[in-house]
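Okay, structure first, notes after.
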Amino acid sequence: MDGWGFDWLEGRATEERPEWGYARLLDEAVAGAEVAIDLDTGGGEVLGGCPRLAREQHVTESWPPNAERARRRLGPRGVIVHETAPGGRIPLADGAADLVTSRHPVAPDWAEIARMLAPGGQYLAQHVGPGSAFELIEAVHGPTTEAQRRGRHPDDEVAAAEAAGLEILERREARLRMEFFDIGAVAWILRKCPWWVPGFGVDTHRAQLLEVDRIIRRDGAFVAHSTRHLLRARRR
21 MDGWGFDWLE GRATEERPEW GYARLLDEAV AGAEVAIDLD TGGGEVLGGC PRLAREQHVT
81 ESWPPNAERA RRRLGPRGVI VHETAPGGRI PLADGAADLV TSRHPVAPDW AEIARMLAPG
141 GQYLAQHVGP GSAFELIEAV HGPTTEAQRR GRHPDDEVAA AEAAGLEILE RREARLRMEF
201 FDIGAVAWIL RKCPWWVPGF GVDTHRAQLL EVDRIIRRDG AFVAHSTRHL LRARRR
């Protein structure tokens, strides 16, 4: 289950994409950067799709299987892969980067992002928003709390970014439809994203999966929704 490719779900599940087109924005940003770092790059799938990278391109990844995939994919293009501990300091000098990017960062460390950016340097990222896939999560895991639903709220992230010394230049939000057409796709995504339902297993959650399967057979798909927000910020 390493990497962040989702090709296995082709024809079995769908998710709408935000209208702003993060991949295109990333292409434009890294092509014009001198020193850039992509945080939580996974196996480098998104960054690897950019035809031109920064003159000096760095990435971080904390999960060893993904870090190895990133080395194989991005290393031949001269990208420096930093295998970092979650929440640890990134081995980049203060003010070294003119661009920091990320698609779906795990937990943005705003102080660290601000530290790495040179004055006037930019942060560009697409974040997972609050309540993503909670219809599916609640169907398998059970009810969620208000605090869980509030997690990753863009208001909170903007406030934290500003407190760290960043100026928000752009903020956009989207609510997107997800559809799962068979129970295999549901089981696959719950293993791919283990934080959705901690301890998930086909045997331990058999009754819940049977109910989701019943809904799919009745309605043609199990429908959930994800939320995303785009943030573009500048180091003061």
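Numbers in the numbering used here are just positions in the sequence shown, counted from 1, shifted up by 20. A virtual CB, placed ideally from N, CA and C, is assigned to each residue, including glycine.
(message) Does T6 pass the burial test, meaning 16 or more other C-beta atoms within 10 Å, or should it be called exposed?
(response) Residue 6 is absent from the model: the chain starts at 21 and stops at 256.
(message) Which of the three DSSP states is assigned to L251 in this structure?
(response) Indexing the sequence shown from 1 puts residue 251 at position 231. DSSP places L251 within a strand segment (E or B) once states are collapsed to three.
(request) Determine the direct distance from the alpha carbon of L250 to that of V178, and round the result to whole angstroms. (result) Locating residue 178 in the sequence shown gives position 158, where the first residue counts as 1. Locating residue 250 in the sequence shown gives position 230, where the first residue counts as 1. So the two alpha carbons sit approximately 11 Å from each other.
(request) State the Cα-Cα distance for the pair L27 and A138, rounded to the nearest angstrom. (result) Counted from its first residue, the sequence shown places residue 27 at position 7. Counted from its first residue, the sequence shown places residue 138 at position 118. Per the sequence presented here, residue 27 reads as Asp, with Leu not at that position. Distance between the alpha carbons of D27 and A138: 37 Å.
(message) Which residues does DSSP list as the beta-bridge partners of H78?
(response) Taking the sequence shown and counting its residues from 1, the one referred to as residue 78 is at position 58. Note: H78 sits in a beta bridge opposite I57 and I100.
(request) Would you mind sorting D58 into buried or exposed? The rule is 16 or more other CB atoms within 10 Å of its CB. (result) Sequence index remark: in the sequence shown, residue 58 carries index 38 (1-based). D58 should be labelled buried.
(request) Would you list, in sequence order, the uninterrupted alpha helix (DSSP H) runs of no fewer than 4 residues that lie entirely inside the stretch 144-220? (result) Complete alpha helix (DSSP H) runs here, min 4: 154-161, 166-170, 174-183 and 203-212.
(request) Report the rounded CA-to-CA distance for T34 versus P106, giving the unit in angstroms. (result) Position 14 of the sequence shown, counted from the first residue, corresponds to residue 34. Position 86 of the sequence shown, counted from the first residue, corresponds to residue 106. Rounded to the nearest angstrom, the two C-alpha atoms are 30 Å apart.
(request) Determine the direct distance from the alpha carbon of F201 to that of G185, and round the result to whole angstroms. (result) Translated into the one-based positions of the sequence shown, residue 185 becomes position 165. Translated into the one-based positions of the sequence shown, residue 201 becomes position 181. Distance between the alpha carbons of G185 and F201 is about 45 Å.
(request) For the alpha helix (DSSP H) containing E48, list its first residue and its last residue. (result) The sequence position of residue 48 within the sequence shown is 28, counting from 1. Judged by DSSP secondary structure, E48 falls within the alpha helix (DSSP H) whose first and last residues are Y42 to A51.
(request) Measure the CB-CB distance between A56 and A117 and report whether it falls below 8 Å. (result) In the sequence shown, residue 56 corresponds to position 36, counting from 1. In the sequence shown, residue 117 corresponds to position 97, counting from 1. Yes, they are a contact pair.
(request) Look at the Cβ atom of F154, then the Cβ atom of T164, and state whether they are nearer than 8 Å. (result) Position 134 of the sequence shown, counted from the first residue, corresponds to residue 154. Position 144 of the sequence shown, counted from the first residue, corresponds to residue 164. Closer than 8 Å, so yes.
(message) For the alpha helix (DSSP H) containing V232, name the first residue and the last one.
(response) As a working mapping, residue 232 is identified with position 212 in the sequence shown. That run of the alpha helix (DSSP H) goes R226 to D239.
(request) Measure the Cβ-Cβ separation of L196 and P38 and say whether it is below 8 Å. (result) As a first step, residue 196 must be located in the sequence shown, where it is residue number 176. As a first step, residue 38 must be located in the sequence shown, where it is residue number 18. Note that the C-beta distance between L196 and P38 is below 8 Å.
(request) Locate the alpha helix (DSSP H) running through E88, then write down its first and last residues. (result) Taking the sequence shown and counting its residues from 1, one reaches residue 88 at position 68. P84 to L94 is the span of the alpha helix (DSSP H), which, as asked, contains E88.
(message) Just verifying my parser: in three-state terms, what is the DSSP assignment at E65?
(response) Counting from 1 along the sequence shown, the entry for residue 65 is found at position 45. In this structure, E65 counts as coil in the three-state DSSP scheme.
(request) Can you tell me which of the three DSSP states L137 falls into? (result) Start at 1 with the first residue of the sequence shown, and residue 137 comes out as number 117. Strand, per DSSP.
(request) State the beta-bridge partners of R123 as determined by DSSP. (result) What you label residue 123 is simply residue 103 of the sequence shown in a count that begins at 1. DSSP, once it has assigned bridges, lists Q146 as partnering R123.
(message) Using a Cβ-Cβ cutoff of less than 7 Å, which residues in the same chain neighbour V187 once the five nearest sequence positions on both sides are dropped?
(response) Taking the sequence shown and counting its residues from 1, one reaches residue 187 at position 167. The question names Val, but residue 187 in the sequence shown is Glu. A253, R254 and R256, listed in sequence order.
(request) Flag this pair as yes or no: are the beta carbons of G69 and R93 separated by less than 8 Å? (result) One-based indexing of the sequence shown puts residue 69 at position 49. One-based indexing of the sequence shown puts residue 93 at position 73. Between G69 and R93, the C-beta gap is not smaller than 8 Å, which leaves the two residues out of contact.
(message) Can you tell me which residues form a DSSP beta bridge with A113?
(response) Against the sequence shown, residue 113 aligns to sequence position 93. Bridge partners of A113 according to DSSP: none are assigned.
(request) May I ask which residues mark the beginning and end of the beta strand (DSSP E) holding E35? (result) Walking along the sequence shown from the start, residue 35 turns up at place 15. For E35, the enclosing beta strand (DSSP E) starts and ends at A33 to E35.
(request) Verify whether the separation of the beta carbon atoms of R72 and A51 is less than 8 Å. (result) Along the sequence shown, read from residue 1 onward, the residue named residue 72 stands at position 52. Along the sequence shown, read from residue 1 onward, the residue named residue 51 stands at position 31. Yes; because the gap between Cβ atoms is below 8 Å, this pair is in contact.
(request) Between the Cα of E193 and those of E182, V160, V232 and G149, spot the shortest distance and give me the residue it belongs to. (result) Within the sequence shown, numbered from 1, the residue matching residue 193 stands at position 173. Measuring from the Cα of E193, the nearest candidate turns out to be G149.
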